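See structure below.
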Amino acid sequence: MSDLPLTERNQRPAMARKKVYLETMGCQMNVLDSELVMGQLRRIGYELESDMTRADLVLLNTCSVRDHAEQKVLSRLGSLTKPKLMNPDMIIGVMGCMAERDPESLIEKMPHVELICGPNELNKIPAMIGEIEETRSRAVALSQDFKRKTTPLERALDYDSVEALDLSREPDPGQNSLQAYIRVQRGCDKFCTYCIVPFTRGLERSRPASIIVEEAKMLADRGTKEITLVGQTVNSYIHQESGLPIKFAELLSRIDEIPGIERLRFVTSFPGDFDIEIFEAMRDLPTVCEYLHIPVQSGSDRILKLMNRQYTVGEYEELIGKAREIVPGITLASDFIVGFCGETEDDHEATKELIERCQFKNIFVFKYSPRPGTASFKGKDNDVPDKVKRRRNVELLDLQERISLANNQSFVSEVFEVLVEGPSKAAAKAREAEESPRVQVGWRNESQLVGRTRHDRIVVFEGREELVGQLVSVKITSATALTFHGDVIEPVSLGR
Ligand code: SF4
61 MSDLPLTERN QRPAMARKKV YLETMGCQMN VLDSELVMGQ LRRIGYELES DMTRADLVLL
121 NTCSVRDHAE QKVLSRLGSL TKPKLMNPDM IIGVMGCMAE RDPESLIEKM PHVELICGPN
181 ELNKIPAMIG EIEETRSRAV ALSQDFKRKT TPLERALDYD SVEALDLSRE PDPGQNSLQA
241 YIRVQRGCDK FCTYCIVPFT RGLERSRPAS IIVEEAKMLA DRGTKEITLV GQTVNSYIHQ
301 ESGLPIKFAE LLSRIDEIPG IERLRFVTSF PGDFDIEIFE AMRDLPTVCE YLHIPVQSGS
361 DRILKLMNRQ YTVGEYEELI GKAREIVPGI TLASDFIVGF CGETEDDHEA TKELIERCQF
421 KNIFVFKYSP RPGTASFKGK DNDVPDKVKR RRNVELLDLQ ERISLANNQS FVSEVFEVLV
481 EGPSKAAAKA REAEESPRVQ VGWRNESQLV GRTRHDRIVV FEGREELVGQ LVSVKITSAT
541 ALTFHGDVIE PVSLGR
């Protein structure tokens with residue numbers, strides 16, 4: 061009990077919280093990892109800071125999939141040299157795939173980095189910060205040993221330690237909890253020849269279904285309406301429960317039953333691992349959205365073989381034919397790599413033809429970027445000039461834009477169920493200006509809102525703020541290749 065009179069105690073300033081600048085690059089896995097790490101940092105007294113030069117702790121959650129992503133991190137770290145000199149207590153940390161891939165060269169290039177933490181060790185970050193503060197020496201946590209282990213028992217033992225981060229999940233009460241990611245598996249053992257992921261995140265391990273379902277229930281209780289299950293190849297999910305295998309379709313079905321969850325999505329899927337039960341779950345379970353992200357990477361069998369993708373173009377097309385047959389109205393998105401080692405103009409033409417035939421909703425195109433440590437880096441020549449890669453990249457995007465535009469315009473006048481996510485980018489910017497102390501003009505009742513259909517189409521429309529977080533019906537009035545514009549016609553009743 062304090063001896064101070066109550067009035068005096070109330071006037072005492074609250075203990076200053078430490079500030080962390082946390083920047084995330086790369087995939088949904090990293091977005092989720094950053095959220096979970098931030099939850100742990102909040103517990104030891106940190107709050108977010110948007111200006112990295114004013115932070116006590118700078119953490120970059122990194123991606124190693126392309127060289128460009130790594131160069132961006134190096135440039136960020138370089139720009140911190142001066143702020144670190146001015147404030148020697150500032151802790152600079154690199155977490156995620158780049159930390160795991162080549163920590164030695166990272167330390168050599170950026171000696172002011174004091175915290176290096178691989179993606180399977182993130183639950184150790186609070187302890188690492190304590191260690192650095194105490195000793196002022198570098199703290200490193202990597203899973204190098206983990207990568208050498210291959211037996212199921214060793215994987216299971218390792219699993220317990222990496223699971224700790226997800227088990228510590230505690231959503232920030234101040235954050236919008238409408239949508240959330242849940243991890244269903246870690247790592248990947250497909251070993252596509254261009255990909256660094258199996259070397260940075262380790263081999264594939266699925267999380268127990270019961271724990272995933274509990275996490276989904278906890279999020280639903282806190283207002284989450286849309287859950288996206290994330291993993292490198294979610295459809296290959298499998299976990300033993302009481303001696304019986306639980307597969308991905310069963311997992312979807314268990315989450316579908318949770319009251320409060322309106323929509324269930326998943327990314328990313330591997331074409332070679334699909335079973336029909338997943339498509340049936342997409343058709344039959346009310347929450348599972350009719351949208352599938354299913355990367356193909358190339359329209360040439362020769363290139364797919366060089367990439368070790370383990371399927372042919374014909375098998376891929378057969379699969380998406382099945383998806384369309386079983387799940388009415390399903391939309392498909394895909395990924396492509398242009399300029400992979402030895403890719404000829406004929407291979408590129410075959411990819412364009414595949415895109416024409418598949419009529420994707422949208423595609424993501426990446427220029428091949430050789431990653432040290434991968435099979436294609438060691439054994440193949442990066443022989444397609446960058447200029448050619450750029451041209452092929454543009455050609456695929458132009459082709460898809462034409463397809464998306466024609467496809468989207470065919471939906472004008474139709475009505476879609478839209479989950480309202482918040483103000484559109486333009487409205488959010490305008491609101492920021494309004495909220496600034498210099499321009500206090502108050503809130504507007506009507507704003508430009510943005511939401512998504514079950515098929516992952518973005519819809520922009522005018523509406524009242526109270527609609528955020530609700531399902532509404534929107535009639536589409538116009539469409540571009542990327543966005544629908546429409547009018548709300550009525551609120552759709554909530555709950556099932
Ligand atoms: S499936 Fe291939 S591209 Fe995807 S994470 Fe695994 S190895 Fe990488």
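Going by the working numbering, the sequence shown opens with residue 61, and the numbers climb by one from there. Where a beta carbon is used, it is the ideal one built from N, C-alpha and C, also for glycine. Source: prediction; values computed, not measured.
- With a 10 Å radius around the Cβ and a threshold of 16 neighbouring Cβ atoms, Gly-190 comes out exposed.
- For Asp-335, there is no enclosing alpha helix (DSSP H), as DSSP marks it with neither H nor E.
- For the ligand SF4, residues qualifying as neighbours are Cys-248, Lys-250, Phe-251, Cys-252, Cys-255, Val-257, Pro-258, Gln-292, Thr-293, Phe-330, where qualification means a beta carbon closer than 6 Å to at least one of its heavy atoms (chain order).
- Taking C-beta separations shorter than 7 Å and ignoring five residues to either side along the sequence, the partners of Glu-230 in its chain run Gly-99, following chain order.
- Straight across, the Cα-Cα distance linking Gly-389 with Ser-237 is about 28 Å.
- Our two residues, Ile-338 and Arg-514, have alpha carbons roughly 17 Å apart in a direct line.
- In the DSSP assignment, Pro-163 falls within the unbroken alpha helix (DSSP H) covering 163-169.
- Ranked by how close their Cα comes to the Cα of Ala-541, the residues Val-548, Asn-183, Gln-469 have Gln-469 in first place.
- Under the 10 Å beta carbon count, Glu-264 is surrounded by 16 or more other beta carbons and is classified as buried.
- Here the segment 318-332 lies against the segment 270-281, with 3 or more beta-carbon pairs under 8 Å apart.
- Per the coordinates, the alpha-carbon of Arg-103 lies some 13 Å from the alpha-carbon of Lys-184.
- The alpha-carbon separation between Val-118 and Phe-471 amounts to approximately 45 Å.
- Secondary structure note for Ser-538: its beta strand (DSSP E) is the uninterrupted segment 531-539.
- Take Phe-334, set aside five residues on each side of it, and the residues of its chain with a beta-carbon closer than 7 Å to its own are Asn-295, Leu-379, in chain order.
- In the DSSP assignment, His-515 is bridged to no other residue.
- Taking Gly-482 as the centre and dropping the five residues before and after it, the same chain places the C-beta of Val-528 closer than 6 Å to its C-beta, in chain order.
- In the DSSP assignment, Arg-103 falls within the unbroken alpha helix (DSSP H) covering 88-103.
- Distances from the alpha-carbon of Arg-323 to those of Leu-108, Gln-292, Glu-310, Glu-286 put Glu-286 closest.
- The criterion of a C-beta distance shorter than 8 Å is satisfied by Val-80 and Ala-115.
- When DSSP states are grouped into helix, strand and coil, Thr-293 belongs to the coil group.
- Close CB contacts of Glu-416 within its chain, under the 8 Å cut and outside five residues either way in sequence, are with Leu-459, Ile-463 (chain order).
- Look at Thr-288 here: in three-state DSSP terms it is strand.
- In the three-state reduction of the DSSP assignment, His-353 falls in the strand class.
- In the same chain as Lys-144, and ignoring 5 residues on each side of it, the C-beta atoms closer than 7 Å to its own belong to Met-150, Ile-152, His-172, in chain order.
- Judged by beta-carbon spacing, Cys-157 lies within the 8 Å limit of Cys-123, meaning their Cβ atoms are closer than that value.
- The secondary-structure analysis by DSSP pairs Glu-301 across a beta bridge with Leu-304.
- Going by DSSP, Cys-418 is part of no beta strand (DSSP E) but of the alpha helix (DSSP H) stretching over 405-418.
- About 6 Å separates the beta carbon of Val-398 from that of Lys-427, a gap short enough to meet the 8 Å contact definition.
- Residue environment: Val-454 is assigned as exposed (fewer than 16 neighbouring CB atoms within 10 Å of its CB, all protein chains considered).
- For Val-510, the CB contacts under 6 Å within the same chain, skipping 5 residues up- and downstream, are Glu-481, Ser-484, Val-520 in chain order.
- Going by C-alpha positions, Thr-293 is about 5 Å away from Phe-330.
- The residue from Gly-86, Leu-82, Ser-436 with its alpha-carbon nearest to that of Leu-96 is Leu-82.
- Under the DSSP assignment, Lys-79 falls in the beta strand (DSSP E) whose first and last residues are 78-84.
- At the C-beta level, Lys-440 and Gly-402 come within 8 Å of one another.
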